[in-house]
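Below: one structure, written as structure tokens.
In the UniProt record's numbering, the protein residues as written are 1 to 529.
In structure tokens form, the structure reads like this:
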């Protein structure tokens, strides 16, 4: 680390000009330090960070099946069965953090029945044992099927006869968190964009709100993760080329190929900008910052993990320049491929997750930095329809009746998944399919029981056939005003349940997981807790 320049002193508190000058100094100095210190130095600290799962919402991939008519078929074929408040000037804190050339990463890793003693109970137990010896394993399966059928019948019959007003809805208030994180991300991306305007780093755009919290169906406000996607544009003299890395998978992956462009004739870039392709390397080293290929890439491909560490540094500096930093504590959350942090004050806390992405053909489809399968390379970016899905749900909310229950249905079912595991994304996929086929006038709050039943009737069919098509890709009924790449609108829809078709064990797990889901739903609908 070099010495801090004398000019990097705290600005006067009055005057926008001094504030702007100070911000320019902060960003310029950080860029200089990033060039001198390889981002690889911080790899060890970030490499140990754990990726958090969205608590308990993972199991719906293979659970809800076997409700309704699909249930009987599956019984006959057992193999097909989620403060520190600032006490001094934030400008001085920002200076100290930059002098240390590191982000203060904070990790947190939080990490049956008794037999009856009565004579009648004993007799019943002996009788059961005798019946088991006579009937064998087939009797056990029939008994299990009967229990499942009883629970299934209870839930269905109660939904069909229960007035909507008697159902216990989860009480979730997401409005404050949505407003705060939205406002904060607008400010942060604006400040970072100003600081990077004359650099050769990716240029962040304004954050796009995605995910369950912003879509209004997160089951718990206190555990909600407010996710945003920040679009990245190539810096001057660079271009991004998306290269398909794998094909035939439920979710396609890409690599972002960074290429240099000739800037010899581009006067708008400024007289001091040298062409990376046609200027001598020695002159480039002396007079100009290194290209993106030498900072955030692995070879010629943009590195997700380097990108995340780099962006987190700027988030920390930009945060300290905001007035909120004097009242809210800031704590990093474990993540290798995105920027995740928690804000807290007294009894309030909000968790934000910043995902990075590049547009596909100026559409609402991105390749993003969200989590990948274990062992995936750091140059792997996933194709995501999160923005298109969020816009579709917004499109539905504007057209549906004011008392529409579609988000409440998804919220209630997601709430019943707590403790089961696995993702609620297939549940959301089922809902979006139904929203595009069932008239919106049939989604009023008074229609809730029937709407919930329709969702529950869709899932067992999908599990029985091991087929659940993704909603956006290849959907001819998807709204035309939501832009998609030409190849995706006409493509064959990927199967979200492909893993069930190719892995028998995964499909067999549907039975106990279905029981867990059904029990949770039964508690909510019938017992109210």
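Even for Gly, the Cβ is constructed at its ideal location relative to N, Cα and C.
Keep in mind that this is a model prediction, so the values were computed, not measured.
- In the same chain as residue 496, and ignoring 5 residues on each side of it, the C-beta atoms closer than 8 Å to its own belong to 61, 250, 425, 426, 429, 468, 469, 470, in chain order.
- Nearest neighbour of residue 361 by Cα position, chosen from 188, 517, 240, 189, turns out to be 240.
- Counting along the chain, the unbroken beta strand (DSSP E) around residue 339 starts and ends at 339-345.
- Contact between residue 337 and residue 305 holds: their C-beta atoms lie close to 6 Å from each other, under 8 Å.
- Distance check between residue 172 and each of 182, 192, 323, 222 places 222 closest, using alpha-carbon atoms only.
- Annotated three-state conformation of residue 172 is coil, per DSSP.
- If the five residues before and after residue 252 are omitted, its C-beta is found closer than 6 Å to the C-beta atoms of 383, all from its own chain and listed in chain order.
- Looking from the CA of residue 392, the closest CA among 210, 198, 415 belongs to 210.
- Excluding sequence positions up to five before and after residue 345, its CB lies within less than 7 Å of the CB of 83, 327, 328, 329, all in the same chain and listed in chain order.
- A distance below 7 Å between beta-carbons, with the five flanking residues on each side excluded, links residue 300 to the following residues of its chain, in chain order: 257, 258, 293.
- Going by DSSP, residue 209 is part of the beta strand (DSSP E) stretching over 208-210.
- Assignment of beta-bridge partners to residue 239 by DSSP yields 259.
- Nearest neighbour of residue 388 by Cα position, chosen from 405, 238, 489, 472, turns out to be 472.
- Straight through space, the alpha carbons of residue 284 and residue 513 are spaced by roughly 60 Å.
- One thing to note: residue 233 has its Cβ within 8 Å of the Cβ of residue 205.
- Excluding five sequence positions before and after residue 390, the CB atoms of its chain that fall closer than 8 Å to its own CB belong to 208, 209, 210, 211, 214, 215, given in chain order.
- The Cβ-Cβ distance between residue 350 and residue 180 falls below 8 Å.
- Nearest to residue 445 by alpha-carbon distance, out of 288, 229, 237, 408, is 408.
- Bridge partners of residue 384 according to DSSP: 366.
- Look at residue 451 here: in three-state DSSP terms it is helix.
- Distance between residue 466 and residue 298, taken at the CA atoms: about 38 Å.
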